[in-house]
Amino acid sequence: YKETSKIITLLTRELGKISVMVLGAHRPKSRKGSLTQKYCAGYFDLNEGRQVYYLQDVRLIQSFYGIRCNLKRLAIAEVALELIDRTYGSNTNQSQSFSILYSFLKVVNQLEANFRLYIVAFIIKWLSVLGYRPELTACVNCGSVHYDEMYFSIPYGGLICNKCKGTVPGRAISVESIQVMVNILFTPFKELYKIKVDFSRLI
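For the sequence shown, the numbering used here gives the first residue as 1, with consecutive numbering after it.
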């Protein structure tokens, strides 16, 4: 913004997703510039303006430098932030959205492998925060729990049994795929390393 300032987006526990003006961020001796880089987490002291908040001070908790210095970590972190930025709405649970992103970044900051698993996990968990958690325990149409032949329906948001398949659009899904999604959904990010997933076998 102009020559010396910038506008950042914050995801906060108390206010949700907000825009914040950082005056003087690009001045040579300004500490606000380095403390408001992407991924920085901390306590932000704000004043509310007419259209945006104004940053007064910040106490840094975590810079997540490990994300910025590794291309694979950076790639999945960018996907997560882009997804939040594009889908965050007025009805999104503020506390849950903050917690899921912070937990995700803490793990990704030191992640060495299984990058696909972690971004898939983030997407599934984020959909749940938005209120679009898929039904993975029974047929969304009749409530059947027989998994011998199941389908997944995007319009209906979950599993469809073979009996209901004639009237509901859906794609065949294996029992293994269902179990993987359930495990991912209910496993914290810090414990995802315990899940072994072969994505080439999942349908």
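Built from N, CA and C at the ideal position, the CB exists for glycine as well.
Query: Kindly indicate which three-state DSSP category Thr92 falls into: helix, strand or coil?; Result: coil
Query: Starting from the N-terminal side, write out each stretch of the beta strand (DSSP E) that is 3 residues or longer and does not extend beyond the region 38-109.; Result: 41-48, 53-62
Query: With DSSP as the reference, identify every bridge partner of Ala172, one or two as the case may be.; Result: Tyr151
Query: Express the C-alpha separation of Pro134 and Leu35 in angstroms, rounding to a whole number.; Result: 38 angstroms
Query: Please state the DSSP three-state secondary structure of Ile8.; Result: strand
Query: Taking the alpha-carbon of Leu101 as reference, which of Glu82, Ser90, Asn91, Arg116 has the nearest alpha-carbon?; Result: Glu82
Query: Give me, in chain order, the residues of the same chain whose beta-carbon lies closer than 7 angstroms to that of Arg116; leave out the 5 immediate sequence neighbours on both sides.; Result: Phe199
Query: Alpha carbons only, please: which of Ile84, Lys38, Asp85 is nearest the one belonging to Ile67?; Result: Lys38
Query: Touch check for the region 118-135 and the region 181-191: three-plus C-beta pairs under 8 angstroms?; Result: yes
Query: Starting from the Cα of Trp126, find the closest Cα among Val140, Leu111, Phe152, Gln96 and give me that residue.; Result: Gln96
Query: Could you check where the beta strand (DSSP E) with Ser19 kicks off and where it finishes?; Result: 16-22
Query: Considering only residues of the same chain and omitting the five flanking positions on each side of Phe64, which have a CB-CB separation below 6 angstroms?; Result: Tyr39, Leu105, Asn109
Query: Residues in the same chain with beta-carbon distance under 7 angstroms from Gly33, minus the five sequence neighbours each way, listed in chain order, please.; Result: Ala25, His26
Query: With a Cβ-Cβ cutoff of 7 angstroms, do Val156 and Val140 count as a contact?; Result: A small fix is needed here, since residue 156 is Tyr in this sequence, not Val. Their beta carbons are under 7 angstroms apart, which means Tyr156 touches Val140 by this criterion.
Query: Whole angstroms are fine: how far does the CA of Thr12 sit from the CA of Thr87?; Result: 15 angstroms
Query: DSSP beta-bridge partners for Cys164?; Result: The partner list for Cys164 (beta bridge, DSSP) is empty, contrary to what the question assumes.
Query: From the DSSP output, in three-state form, read off Glu135 for me.; Result: strand
Query: Counting along the chain, where does the alpha helix (DSSP H) carrying Val129 start and finish?; Result: 115-129
Query: Look up Leu185 in the DSSP assignment and say whether it is helix, strand or coil.; Result: helix
Query: On the criterion of 16 or more Cβ atoms from any shown chain inside 10 Å, does Ser19 qualify as buried, or is it exposed?; Result: exposed
Query: Tell me whether the beta-carbon of Tyr151 lies closer than 7 angstroms to the beta-carbon of Ala138.; Result: no
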